[in-house]
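Structure record follows, encoded as C-alpha coordinates.
Residue numbers (this note's numbering): 585 to 978.
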(Lines of atoms letter the chains of each structure in order from A and count residues from 1; the text may use other names and numbers.)
(Lines give C-alpha, C1' and ligand atoms only; values in the text may rest on other atoms or scores of the structure.)
Protein backbone atom coordinates (compact mmCIF):
# COMPACT_ATOMS: atom_id res chain seq x y z
CA UNK A 1 0.00 0.00 0.00
CA UNK A 2 2.71 2.38 -1.00
CA UNK A 3 2.53 4.87 -3.81
CA UNK A 4 6.24 5.39 -4.23
CA UNK A 5 8.86 5.75 -6.88
CA UNK A 6 12.21 3.98 -6.97
CA UNK A 7 12.87 1.53 -4.15
CA UNK A 8 15.00 2.68 -1.21
CA UNK A 9 18.51 1.39 -0.80
CA UNK A 10 17.41 -0.64 2.22
CA UNK A 11 15.19 -2.71 -0.06
CA UNK A 12 17.88 -3.58 -2.57
CA UNK A 13 21.28 -3.69 -0.96
CA UNK A 14 20.94 -7.29 -0.88
CA UNK A 15 22.80 -9.13 1.87
CA UNK A 16 19.76 -9.79 4.09
CA UNK A 17 18.01 -13.08 3.76
CA UNK A 18 14.62 -12.87 2.01
CA UNK A 19 15.22 -9.43 0.51
CA UNK A 20 13.81 -8.60 -2.90
CA UNK A 21 16.24 -7.69 -5.66
CA UNK A 22 16.12 -4.19 -7.13
CA UNK A 23 14.49 -5.11 -10.47
CA UNK A 24 11.80 -7.12 -8.64
CA UNK A 25 11.04 -4.27 -6.27
CA UNK A 26 10.81 -1.82 -9.18
CA UNK A 27 8.31 -4.10 -10.98
CA UNK A 28 6.17 -4.45 -7.85
CA UNK A 29 6.37 -0.68 -7.32
CA UNK A 30 5.10 -0.05 -10.83
CA UNK A 31 2.30 -2.59 -10.39
CA UNK A 32 1.26 -1.03 -7.09
CA UNK A 33 1.46 2.55 -8.30
CA UNK A 34 -0.54 2.11 -11.49
CA UNK A 35 -3.16 -0.33 -10.21
CA UNK A 36 -3.76 2.09 -7.34
CA UNK A 37 -3.89 5.21 -9.51
CA UNK A 38 -6.14 3.73 -12.20
CA UNK A 39 -8.70 2.48 -9.69
CA UNK A 40 -8.48 5.32 -7.13
CA UNK A 41 -11.48 7.43 -8.20
CA UNK A 42 -13.77 4.42 -8.53
CA UNK A 43 -12.58 2.87 -5.27
CA UNK A 44 -13.34 6.12 -3.48
CA UNK A 45 -16.81 6.06 -5.05
CA UNK A 46 -17.35 2.48 -3.88
CA UNK A 47 -16.10 3.15 -0.36
CA UNK A 48 -18.10 6.37 0.02
CA UNK A 49 -21.32 4.80 -1.25
CA UNK A 50 -20.65 1.54 0.57
CA UNK A 51 -20.49 3.28 3.95
CA UNK A 52 -24.20 4.27 4.10
CA UNK A 53 -25.22 1.00 2.41
CA UNK A 54 -23.89 -0.89 5.44
CA UNK A 55 -26.70 0.76 7.41
CA UNK A 56 -29.29 0.88 4.63
CA UNK A 57 -31.98 -0.84 6.73
CA UNK A 58 -31.54 1.63 9.54
CA UNK A 59 -31.39 4.64 7.19
CA UNK A 60 -34.54 3.55 5.33
CA UNK A 61 -36.34 3.14 8.65
CA UNK A 62 -35.23 6.57 9.87
CA UNK A 63 -36.37 8.21 6.62
CA UNK A 64 -39.73 6.43 6.61
CA UNK A 65 -39.05 4.13 3.65
CA UNK A 66 -39.03 0.87 5.63
CA UNK A 67 -42.36 -0.99 5.74
CA UNK A 68 -43.72 -1.65 9.23
CA UNK A 69 -46.20 -4.51 9.80
CA UNK A 70 -48.98 -4.31 12.35
CA UNK A 71 -48.52 -6.28 15.62
CA UNK A 72 -49.54 -9.86 14.86
CA UNK A 73 -50.81 -10.61 18.39
CA UNK A 74 -50.36 -14.34 17.84
CA UNK A 75 -52.38 -14.47 14.64
CA UNK A 76 -51.11 -16.82 11.92
CA UNK A 77 -50.06 -15.47 8.51
CA UNK A 78 -52.53 -15.55 5.67
CA UNK A 79 -52.24 -18.08 2.84
CA UNK A 80 -49.75 -16.78 0.25
CA UNK A 81 -52.40 -16.62 -2.47
CA UNK A 82 -54.16 -13.87 -0.50
CA UNK A 83 -51.00 -11.78 -0.78
CA UNK A 84 -50.90 -12.46 -4.52
CA UNK A 85 -54.51 -11.27 -4.89
CA UNK A 86 -53.75 -8.12 -2.93
CA UNK A 87 -50.66 -7.41 -5.05
CA UNK A 88 -52.52 -7.81 -8.36
CA UNK A 89 -55.34 -5.60 -7.05
CA UNK A 90 -52.80 -2.92 -6.12
CA UNK A 91 -51.26 -3.00 -9.61
CA UNK A 92 -54.03 -3.86 -12.10
CA UNK A 93 -52.92 -4.98 -15.54
CA UNK A 94 -49.63 -6.37 -14.32
CA UNK A 95 -48.49 -9.96 -13.69
CA UNK A 96 -46.73 -11.63 -10.79
CA UNK A 97 -43.03 -12.29 -11.01
CA UNK A 98 -41.89 -13.17 -7.50
CA UNK A 99 -43.14 -13.48 -3.94
CA UNK A 100 -40.48 -13.18 -1.25
CA UNK A 101 -40.29 -13.78 2.52
CA UNK A 102 -37.52 -11.92 4.41
CA UNK A 103 -36.10 -14.02 7.25
CA UNK A 104 -35.33 -10.85 9.24
CA UNK A 105 -38.88 -9.47 8.76
CA UNK A 106 -41.24 -12.43 9.20
CA UNK A 107 -44.28 -10.14 9.34
CA UNK A 108 -43.69 -8.86 5.81
CA UNK A 109 -44.19 -10.46 2.40
CA UNK A 110 -42.79 -8.80 -0.73
CA UNK A 111 -44.61 -9.07 -4.06
CA UNK A 112 -42.92 -8.25 -7.39
CA UNK A 113 -45.15 -7.38 -10.34
CA UNK A 114 -44.19 -6.39 -13.87
CA UNK A 115 -45.71 -5.85 -17.31
CA UNK A 116 -44.64 -9.35 -18.43
CA UNK A 117 -43.24 -12.38 -16.55
CA UNK A 118 -39.81 -11.88 -18.11
CA UNK A 119 -39.83 -8.09 -17.62
CA UNK A 120 -36.57 -6.39 -16.67
CA UNK A 121 -35.86 -5.62 -13.00
CA UNK A 122 -36.02 -1.87 -13.64
CA UNK A 123 -39.65 -2.29 -14.71
CA UNK A 124 -40.72 -4.21 -11.61
CA UNK A 125 -42.91 -2.80 -8.87
CA UNK A 126 -42.08 -4.17 -5.41
CA UNK A 127 -44.68 -3.78 -2.69
CA UNK A 128 -44.58 -4.92 0.91
CA UNK A 129 -47.66 -6.55 2.44
CA UNK A 130 -48.54 -7.42 6.00
CA UNK A 131 -48.25 -11.20 6.25
CA UNK A 132 -51.22 -11.41 8.66
CA UNK A 133 -53.68 -8.95 7.11
CA UNK A 134 -52.46 -8.62 3.46
CA UNK A 135 -52.56 -4.85 4.01
CA UNK A 136 -50.26 -2.92 1.62
CA UNK A 137 -47.35 -1.39 3.54
CA UNK A 138 -45.86 0.66 0.72
CA UNK A 139 -43.35 0.43 -2.09
CA UNK A 140 -39.93 -1.12 -1.52
CA UNK A 141 -36.71 -0.01 -3.20
CA UNK A 142 -37.49 3.69 -3.33
CA UNK A 143 -35.89 6.70 -1.68
CA UNK A 144 -32.37 8.11 -1.62
CA UNK A 145 -30.71 4.79 -0.74
CA UNK A 146 -31.75 3.45 -4.15
CA UNK A 147 -29.59 6.13 -5.81
CA UNK A 148 -26.67 5.23 -3.54
CA UNK A 149 -27.13 1.53 -4.35
CA UNK A 150 -27.19 2.14 -8.11
CA UNK A 151 -24.02 4.22 -7.89
CA UNK A 152 -22.36 1.47 -5.90
CA UNK A 153 -23.41 -1.45 -8.08
CA UNK A 154 -23.28 -0.19 -11.66
CA UNK A 155 -23.02 3.65 -11.74
CA UNK A 156 -26.36 3.69 -13.62
CA UNK A 157 -24.65 1.91 -16.54
CA UNK A 158 -26.28 -1.52 -16.24
CA UNK A 159 -24.29 -4.69 -16.79
CA UNK A 160 -21.43 -2.79 -18.45
CA UNK A 161 -21.09 -0.66 -15.33
CA UNK A 162 -21.05 -3.75 -13.11
CA UNK A 163 -18.31 -5.41 -15.14
CA UNK A 164 -16.28 -2.20 -15.19
CA UNK A 165 -16.47 -1.90 -11.39
CA UNK A 166 -15.55 -5.57 -11.19
CA UNK A 167 -12.40 -4.81 -13.17
CA UNK A 168 -11.63 -1.96 -10.77
CA UNK A 169 -12.04 -4.45 -7.92
CA UNK A 170 -9.46 -6.74 -9.50
CA UNK A 171 -7.05 -3.80 -9.81
CA UNK A 172 -7.73 -3.05 -6.14
CA UNK A 173 -6.80 -6.64 -5.23
CA UNK A 174 -3.59 -6.31 -7.28
CA UNK A 175 -2.79 -3.05 -5.48
CA UNK A 176 -3.24 -4.74 -2.10
CA UNK A 177 -1.09 -7.75 -2.99
CA UNK A 178 1.68 -5.59 -4.47
CA UNK A 179 1.50 -3.27 -1.46
CA UNK A 180 1.97 -6.17 0.93
CA UNK A 181 4.90 -7.43 -1.15
CA UNK A 182 6.56 -4.02 -0.89
CA UNK A 183 5.80 -3.49 2.81
CA UNK A 184 8.79 -5.42 4.15
CA UNK A 185 11.48 -3.95 1.83
CA UNK A 186 10.29 -0.42 2.54
CA UNK A 187 9.86 -0.76 6.31
CA UNK A 188 12.23 -3.50 7.45
CA UNK A 189 14.50 -1.03 9.31
CA UNK A 190 11.54 0.39 11.24
CA UNK A 191 9.67 -1.07 14.18
CA UNK A 192 6.13 -2.09 13.36
CA UNK A 193 3.62 0.78 13.65
CA UNK A 194 6.37 3.42 13.65
CA UNK A 195 5.14 6.82 12.45
CA UNK A 196 8.00 9.27 11.89
CA UNK A 197 6.24 12.42 13.01
CA UNK A 198 9.53 14.31 13.32
CA UNK A 199 10.29 13.86 9.64
CA UNK A 200 8.74 15.60 6.67
CA UNK A 201 4.95 15.54 6.44
CA UNK A 202 5.09 13.27 3.40
CA UNK A 203 7.15 10.69 5.34
CA UNK A 204 4.64 10.72 8.22
CA UNK A 205 1.77 10.24 5.77
CA UNK A 206 3.67 7.36 4.13
CA UNK A 207 4.00 5.65 7.52
CA UNK A 208 0.30 6.12 8.25
CA UNK A 209 -0.58 4.89 4.77
CA UNK A 210 1.48 1.73 5.29
CA UNK A 211 0.24 1.09 8.82
CA UNK A 212 -3.47 1.52 8.09
CA UNK A 213 -3.08 -0.46 4.89
CA UNK A 214 -1.60 -3.42 6.78
CA UNK A 215 -4.29 -3.25 9.48
CA UNK A 216 -7.12 -3.32 6.92
CA UNK A 217 -5.56 -5.73 4.44
CA UNK A 218 -7.68 -8.82 5.20
CA UNK A 219 -10.94 -6.86 5.26
CA UNK A 220 -10.05 -4.98 2.07
CA UNK A 221 -9.29 -8.22 0.24
CA UNK A 222 -12.50 -9.87 1.45
CA UNK A 223 -14.69 -6.90 0.50
CA UNK A 224 -12.84 -6.37 -2.78
CA UNK A 225 -13.09 -10.00 -3.93
CA UNK A 226 -16.73 -10.40 -2.82
CA UNK A 227 -17.53 -7.17 -4.63
CA UNK A 228 -15.98 -8.54 -7.81
CA UNK A 229 -18.01 -11.75 -7.48
CA UNK A 230 -21.19 -9.72 -7.02
CA UNK A 231 -20.59 -7.91 -10.31
CA UNK A 232 -20.69 -11.30 -12.06
CA UNK A 233 -24.13 -12.19 -10.65
CA UNK A 234 -26.01 -11.89 -13.94
CA UNK A 235 -23.35 -13.82 -15.85
CA UNK A 236 -23.35 -16.62 -13.27
CA UNK A 237 -27.15 -16.81 -13.32
CA UNK A 238 -27.13 -17.01 -17.12
CA UNK A 239 -24.61 -19.84 -16.95
CA UNK A 240 -26.82 -21.75 -14.49
CA UNK A 241 -29.88 -21.23 -16.70
CA UNK A 242 -28.03 -22.38 -19.83
CA UNK A 243 -26.63 -25.51 -18.18
CA UNK A 244 -28.29 -26.95 -15.07
CA UNK A 245 -31.72 -25.32 -15.38
CA UNK A 246 -31.89 -26.29 -19.06
CA UNK A 247 -31.15 -29.89 -18.08
CA UNK A 248 -33.79 -29.84 -15.33
CA UNK A 249 -36.58 -28.65 -17.65
CA UNK A 250 -35.52 -30.68 -20.70
CA UNK A 251 -38.53 -33.06 -20.45
CA UNK A 252 -40.81 -30.04 -20.98
CA UNK A 253 -39.12 -28.85 -24.16
CA UNK A 254 -41.63 -27.97 -26.87
CA UNK A 255 -44.63 -28.02 -24.58
CA UNK A 256 -46.82 -24.88 -24.35
CA UNK A 257 -46.94 -22.91 -21.10
CA UNK A 258 -49.63 -24.05 -18.65
CA UNK A 259 -53.03 -22.51 -19.45
CA UNK A 260 -53.81 -22.05 -15.76
CA UNK A 261 -51.43 -21.65 -12.85
CA UNK A 262 -51.69 -23.57 -9.61
CA UNK A 263 -52.32 -21.37 -6.55
CA UNK A 264 -49.27 -20.25 -4.63
CA UNK A 265 -50.56 -21.93 -1.46
CA UNK A 266 -50.22 -25.32 -3.08
CA UNK A 267 -46.77 -24.49 -4.46
CA UNK A 268 -45.44 -23.51 -1.03
CA UNK A 269 -46.83 -26.65 0.64
CA UNK A 270 -45.32 -28.96 -1.99
CA UNK A 271 -41.93 -27.21 -1.88
CA UNK A 272 -41.76 -27.56 1.92
CA UNK A 273 -42.61 -31.24 1.72
CA UNK A 274 -39.82 -31.76 -0.83
CA UNK A 275 -37.21 -30.10 1.40
CA UNK A 276 -37.82 -31.01 5.07
CA UNK A 277 -36.39 -28.52 7.55
CA UNK A 278 -36.23 -25.70 5.01
CA UNK A 279 -38.39 -22.62 4.47
CA UNK A 280 -39.30 -20.70 1.33
CA UNK A 281 -37.09 -17.71 0.61
CA UNK A 282 -38.87 -16.70 -2.59
CA UNK A 283 -41.00 -18.17 -5.36
CA UNK A 284 -40.42 -17.33 -9.02
CA UNK A 285 -43.48 -17.55 -11.27
CA UNK A 286 -43.33 -19.42 -14.61
CA UNK A 287 -41.67 -17.42 -17.36
CA UNK A 288 -39.49 -15.30 -15.07
CA UNK A 289 -35.68 -15.20 -15.37
CA UNK A 290 -35.19 -17.64 -12.45
CA UNK A 291 -37.18 -20.51 -13.93
CA UNK A 292 -38.76 -21.86 -17.13
CA UNK A 293 -42.05 -21.05 -18.81
CA UNK A 294 -43.53 -24.28 -17.38
CA UNK A 295 -42.44 -24.17 -13.74
CA UNK A 296 -42.67 -22.36 -10.51
CA UNK A 297 -39.27 -22.25 -8.83
CA UNK A 298 -39.32 -22.21 -5.03
CA UNK A 299 -35.94 -21.26 -3.60
CA UNK A 300 -35.58 -22.80 -0.16
CA UNK A 301 -33.27 -21.78 2.69
CA UNK A 302 -32.06 -23.40 5.91
CA UNK A 303 -32.27 -22.10 9.45
CA UNK A 304 -28.61 -21.53 10.39
CA UNK A 305 -26.61 -18.34 9.70
CA UNK A 306 -24.86 -20.09 6.80
CA UNK A 307 -27.63 -22.28 5.35
CA UNK A 308 -30.08 -19.38 5.46
CA UNK A 309 -27.92 -17.77 2.77
CA UNK A 310 -27.56 -20.89 0.60
CA UNK A 311 -30.64 -21.44 -1.53
CA UNK A 312 -31.89 -24.73 -2.96
CA UNK A 313 -34.25 -24.52 -5.96
CA UNK A 314 -37.33 -26.73 -6.24
CA UNK A 315 -39.01 -26.82 -9.64
CA UNK A 316 -42.76 -27.41 -9.56
CA UNK A 317 -45.16 -27.95 -12.44
CA UNK A 318 -46.89 -24.64 -13.12
CA UNK A 319 -50.35 -26.19 -13.50
CA UNK A 320 -50.37 -28.98 -10.91
CA UNK A 321 -47.68 -27.77 -8.45
CA UNK A 322 -46.17 -31.25 -8.47
CA UNK A 323 -42.44 -31.31 -7.78
CA UNK A 324 -40.49 -31.85 -11.00
CA UNK A 325 -36.96 -31.78 -9.64
CA UNK A 326 -34.76 -30.31 -6.95
CA UNK A 327 -30.99 -30.10 -6.74
CA UNK A 328 -28.35 -28.01 -5.01
CA UNK A 329 -27.02 -24.94 -6.73
CA UNK A 330 -23.53 -25.22 -8.26
CA UNK A 331 -20.55 -24.00 -6.26
CA UNK A 332 -20.20 -20.75 -8.22
CA UNK A 333 -23.74 -19.67 -7.34
CA UNK A 334 -23.25 -20.69 -3.72
CA UNK A 335 -20.12 -18.51 -3.63
CA UNK A 336 -22.20 -15.64 -5.00
CA UNK A 337 -24.90 -16.10 -2.33
CA UNK A 338 -22.29 -16.14 0.44
CA UNK A 339 -20.42 -13.13 -0.93
CA UNK A 340 -23.45 -10.82 -1.13
CA UNK A 341 -24.15 -10.45 2.61
CA UNK A 342 -20.46 -10.72 3.51
CA UNK A 343 -19.72 -7.75 1.27
CA UNK A 344 -21.96 -5.47 3.37
CA UNK A 345 -21.36 -7.09 6.77
CA UNK A 346 -24.88 -8.52 7.06
CA UNK A 347 -23.91 -11.62 9.04
CA UNK A 348 -23.46 -10.33 12.59
CA UNK A 349 -26.01 -7.62 13.25
CA UNK A 350 -25.12 -4.11 14.36
CA UNK A 351 -21.71 -4.93 15.98
CA UNK A 352 -20.37 -6.31 12.69
CA UNK A 353 -21.86 -3.40 10.76
CA UNK A 354 -20.00 -0.94 13.00
CA UNK A 355 -16.74 -2.85 12.45
CA UNK A 356 -17.39 -2.88 8.68
CA UNK A 357 -18.03 0.88 8.72
CA UNK A 358 -14.83 1.59 10.68
CA UNK A 359 -12.76 -0.50 8.27
CA UNK A 360 -14.44 1.20 5.31
CA UNK A 361 -13.49 4.61 6.74
CA UNK A 362 -9.89 3.47 7.27
CA UNK A 363 -9.76 2.24 3.66
CA UNK A 364 -10.90 5.67 2.48
CA UNK A 365 -7.93 7.12 4.41
CA UNK A 366 -5.56 4.62 2.75
CA UNK A 367 -6.83 5.49 -0.73
CA UNK A 368 -6.77 9.24 -0.06
CA UNK A 369 -3.31 9.17 1.49
CA UNK A 370 -1.96 7.13 -1.41
CA UNK A 371 -3.24 9.76 -3.84
CA UNK A 372 -1.75 12.53 -1.69
CA UNK A 373 1.66 10.80 -1.61
CA UNK A 374 1.69 10.46 -5.39
CA UNK A 375 0.75 14.10 -5.93
CA UNK A 376 3.29 15.28 -3.33
CA UNK A 377 6.03 13.30 -5.03
CA UNK A 378 5.17 14.78 -8.44
CA UNK A 379 5.25 18.30 -7.01
CA UNK A 380 8.63 17.62 -5.40
CA UNK A 381 10.05 16.26 -8.63
CA UNK A 382 8.72 19.31 -10.47
CA UNK A 383 10.45 21.68 -8.04
CA UNK A 384 13.71 19.73 -8.29
CA UNK A 385 13.58 19.73 -12.09
CA UNK A 386 12.89 23.48 -12.12
CA UNK A 387 15.93 24.06 -9.93
CA UNK A 388 18.12 22.00 -12.24
CA UNK A 389 19.08 19.48 -9.55
CA UNK A 390 19.17 15.70 -9.98
CA UNK A 391 15.95 13.96 -8.92
CA UNK A 392 16.11 12.21 -5.55
CA UNK A 393 16.09 8.45 -5.41
CA UNK A 394 13.17 8.43 -2.96
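C-beta atoms are modelled at their ideal positions from N, C-alpha and C, and glycine is treated no differently. These numbers were taken from a predicted model, which means no experiment stands behind them.
Nearest to residue i (by Cα), restricted to the options the options
{"i": "residue 677", "options": "701, 667 and 692", "result": "701"}
{"i": "residue 839", "options": "878, 815 and 897", "result": "878"}
{"i": "residue 826", "options": "874, 795, 848 and 860", "result": "874"}
{"i": "residue 898", "options": "755, 760 and 909", "result": "909"}
{"i": "residue 884", "options": "758, 851 and 901", "result": "851"}
{"i": "residue 753", "options": "836, 708, 805 and 709", "result": "805"}
{"i": "residue 628", "options": "963, 795 and 946", "result": "946"}
{"i": "residue 722", "options": "696, 741 and 704", "result": "696"}
Sequence-distant residues of the same chain with beta carbon closer than 8 Å to residue i, five excluded per side
{"i": "residue 726", "result": "649"}
Residue i burial status per 10 Å Cβ neighbour count (16 or more: buried)
{"i": "residue 617", "result": "buried"}
{"i": "residue 731", "result": "exposed"}
{"i": "residue 970", "result": "exposed"}
{"i": "residue 746", "result": "buried"}
{"i": "residue 916", "result": "exposed"}
{"i": "residue 800", "result": "buried"}
{"i": "residue 904", "result": "exposed"}
Where the beta strand (DSSP E) through residue i begins and ends
{"i": "residue 980", "result": "Coverage of the chain is limited to positions 585 through 978, which leaves residue 980 absent and any answer about it impossible."}
{"i": "residue 679", "result": "679-685"}
Other residues of its chain near residue i: CB distance less than 6 Å, five sequence neighbours each side excluded
{"i": "residue 810", "result": "923, 926 and 927"}
{"i": "residue 665", "result": "847, 848 and 849"}
{"i": "residue 640", "result": "729"}
{"i": "residue 808", "result": "753, 756 and 757"}
{"i": "residue 943", "result": "800 and 803"}
Start and end residues, alpha helix (DSSP H) containing residue i
{"i": "residue 618", "result": "606-638"}
{"i": "residue 824", "result": "817-824"}
{"i": "residue 669", "result": "664-674"}
Proximal residues to residue i (C-beta, below 7 Å), its chain only, five neighbours per side dropped
{"i": "residue 591", "result": "Confidence at residue 591 is low in this model, with a pLDDT of 44, below 50, so its placement is unreliable and no value can be given for it."}
{"i": "residue 736", "result": "630, 633, 634 and 637"}
- Query: Which whole runs of the alpha helix (DSSP H) in the stretch 842-923 are 4 residues long or more, in chain order?
  - Reply: 848-858
- Message: My parser needs the beta strand (DSSP E) runs of 3 or more residues fully inside the stretch 712-794; what are they?
- Response: Segments of the beta strand (DSSP E) lying fully in the stretch 712-794: 720-723.
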